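Residue numbers (this note's numbering), protein chains in the order written: chain A, 1 to 502; chain B, 1001 to 1318.
Using N, Cα and C, we set each Cβ at its ideal position, and we do this for glycine too.
Please read all numbers here as calculations on a predicted model, not as lab measurements.
First up is the structure itself, then whatever we jot down about it.
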């Protein structure tokens, strides 16, 4: 690569979190006119290195250079002022204020006229920023809560792009986005490259990285393993570098037998949800079935998961747990009937971030570890340790807070909550969101295993490949209603399903 | 490093207590550790500790109760009247328990069902209770157990100490068992940490809140009873500082007032000891009551600041 194009360089960069080594003497180079992909398993150091570059946290040792000059931003604002814009994996907006205020957070002074901030000028500029990234349908004067999680990510993108950065870091953002959001973000990345700027793209989706990136850097356990140019991209080679061993071909289910038992376990009858995103919807789920649910954003699939679990109010219709004949009233009732739910919004709904792995996992299984009215610490420890081992959760101890874990390990903790309970019906909303290939493969194996034990899985996902790869039957939702149904088959293609979605 | 920091942080409340004791021992030239002073310190600490230990459950599950002072005062006054009317310690104890439980249940029901921030409800409730006490007492400012229809037995220092210790140790042990060795403690921590997660995990927030308030009610009843037995009288302003003392105690004891996973029973007892030494020490230095209030406010803010600072920096992504 032409060294004139070098824009960012790290030399022997290290970062420790207590005894955990997140980055181990990393020498990374980022060039202009390129989209550089960063890939690695959860906890490999991808987010750590970019957050240090952006000024979110300091390095433990080592040097960084930006445009040839020593680089040591102490805050994200300083990083952004220097020209490094970052879209983070988790929530990156402030609730309770408008979209325009979010876009110009900290820069309100720009719109000051005679000491008063001009709201209309700010909204106008924010709308331009949104239009500039192709989001004309989002109104900048709305409150941020009025739009869904995916559009909020796009607002973050508009905010970062409004400051005209020279380096754009996209950290695991696309997992929260559907096809439309993804194409917006890809267009921006390509535009940046064509303008001779640099893009760092972090994703777990290898296919996506192979398509979008010009160069790929593989990290593993805090070490930079290899640096590949586009002609060298080869999925199995990259996976081997990521995991440090051969992955084999098995990833999704190997069988194409989509037959399931006739026994119906859940009957969703003519349901209209309180949010209005699901309209007169009916379906039946069978014992031992992996039922895939897909669709574009706003199609109602996430609400369907909540409705089935009793987490969202229903206006008409009912959800019946057929074996017991009971209509599901609320989440507590659903859990009593042997159901479990993994929310899409892991950090806000599925976990208590400030609590330990132990408290999180045992919280769903308190009735499994009690001895009369008492909970014996040894029994609890054994219960939690078993989930930690089954799911190979990487942690220093079960007393570690989950907020220190990587995305994939957090998701494993959520799985652990329900696997420990031995649920008969598990509702998974985007279960592999923000999870790397190694963990994904393990989760698919686990889901397959549960199916074999006669358990029922409802798998809601934005990734078509995973739905096709895992589901016995696939329901596609559109505007809150059923748009299509597909049986498991070797011939099923993404193309057919996309046709049905749009 | 993080682990050792966590371990050190766990001992902060004890360091804090030792520092406060050493500081006031020096400042009062040892007077604070003299026999009578120590005795009065312990007596004051008992009431604060009983109320604080019970409050750990309430604050732990995310309920911000600011009416502890009013609840304690009303409990002691109604208990006192029942004692005077009956001449029986048993009836007095029962009246304390009934009053505290009714008030706590009322707060619990508000916390569980009414969508108004609980701290507002309890601020108002605190005022209402103080006003009601004045209405009930009419022209009296203090009621005396010695006015009872039958003499209520009085206890000497040794007997009183035994009653104090039994009440505090008993309540503390029961709370430790409930919090650490039954599902309740786990549920309180999860509910305080994230109510949405708690609901999606199938926890019954109504039950958890009601039980927490009932436990806190028992603490208040015990505190009112031991105070009645010791002082043998109760005034209309009794317990006025208890609301803030409990909150400062919990923070000094090392738990966040927003509750959640860092909730612990020891916060109630260590914090109560620290705040009592602090209050007594400041008044022994001859400071004006108003100045003492300002001191308390500054210490409270400083402790809350340090506590929140530590977990804010820990929320960085990896």
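- Taking a contact to require three or more Cβ pairs closer than 8 Å, the region 417 to 429 of chain A and the region 382 to 400 of chain A qualify as touching.
- DSSP places residue 70(A) in the strand class (E or B) of the three-state scheme.
- By the Cβ rule, the region 1228 to 1235 of chain B counts as touching the region 1074 to 1093 of chain B, because three or more pairs are nearer than 8 Å.
- Contact between residue 1103(B) and residue 1217(B) holds, with the beta-carbon distance rounding to 7 Å and staying under 8 Å.
- In the DSSP assignment, residue 316(A) falls outside any alpha helix (DSSP H) and within the unbroken beta strand (DSSP E) covering 314 to 321.
- By the 16-neighbour rule on beta-carbons within 10 angstroms, residue 1153(B) is exposed.
- By the criterion of a C-beta distance shorter than 8 Å, residue 345(A) is surrounded in its chain by 149, once the five residues flanking it on both sides are discounted.
- Within chain A, 348 and 349 have C-beta atoms less than 8 Å from the C-beta of residue 1196(B), given in sequence order.
- Between residue 502(A) and the set 119(A), 153(A), 294(A) and 68(A), the nearest pair of CA atoms involves 294(A).
- Here residue 1271(B) is not near residue 1192(B), since their CB atoms are 8 Å or more apart.
- Within the region 136 to 206 of chain A, the complete alpha helix (DSSP H) runs of at least 4 residues fall at 149 to 162 and 179 to 194.
- For residue 1219(B), no pairing in a beta bridge is given by DSSP.
- Counting along the chain, residue 1108(B) sits inside the alpha helix (DSSP H) bounded by residues 1089 to 1113.
- For residue 265(A), the enclosing beta strand (DSSP E) covers residues 264 to 273.
- Within its own chain, the residues whose Cβ lies closer than 6 Å to the Cβ of residue 1238(B), once the five positions on either side in sequence are excluded, are 1073 and 1076, listed in chain order.
- Neighbours of residue 1204(B) in chain A, taken as residues whose beta carbon is under 7 Å from its own, are 332 in chain order.
- The three-state secondary structure of residue 386(A), taken from DSSP, is helix.
- The DSSP-derived three-state label of residue 497(A) is helix.
- Relative to residue 376(A), the option among 1043(B), 1150(B), 1161(B) and 1185(B) whose CA is nearest is 1185(B).
- Using a Cβ-Cβ cut-off of 8 Å, residue 417(A) counts as an interface residue toward chain B, since at least one Cβ of chain B sits closer than that to its own.
- Around the beta carbon of residue 154(A), 16 or more other beta carbons sit within 10 angstroms, so the residue counts as buried.
- Our two residues, residue 13(A) and residue 138(A), have alpha carbons roughly 40 Å apart in a direct line.
- For residue 461(A), the three-state secondary structure derived from DSSP is coil.
- The region 343 to 362 of chain A makes contact with the region 1196 to 1207 of chain B, as at least three CB pairs between them are under 8 Å.
- Distance from residue 1261(B) to residue 352(A) at the Cβ level is roughly 6 Å; contact confirmed, criterion being Cβ atoms closer than 8 Å.
- Ranked by how close their Cα comes to the Cα of residue 1243(B), the residues 1035(B), 1047(B) and 1165(B) have 1047(B) in first place.
- Going by C-alpha positions, residue 119(A) is about 38 Å away from residue 1111(B).
- Within chain A, the residues 366, 370 and 375 have their CB atoms less than 7 Å from the CB of residue 1183(B), given in chain order.
- Burial is judged here by how many other beta carbons sit within 10 angstroms of a residue's own beta carbon; residue 152(A) has at least 16 and is buried.
- Listed along the chain, the chain A residues whose CB falls inside 8 Å of the CB of residue 1209(B) amount to none; the nearest CB is some 15 Å away.
- By the C-beta density criterion, residue 156(A) is buried, having at least 16 other C-beta atoms within 10 angstroms.
- Between residue 479(A) and the set 299(A), 391(A) and 221(A), the nearest pair of CA atoms involves 299(A).
- Taking 8 Å as the threshold, the shortest C-beta distance from residue 1200(B) to chain A falls below it.
- The three-state reading of DSSP puts residue 483(A) in strand, counting E and B together.
- In this model, residue 1258(B) and residue 304(A) are separated by some 33 Å (Cα to Cα).
- Per DSSP, the continuous beta strand (DSSP E) segment holding residue 428(A) begins and ends at 425 to 429.
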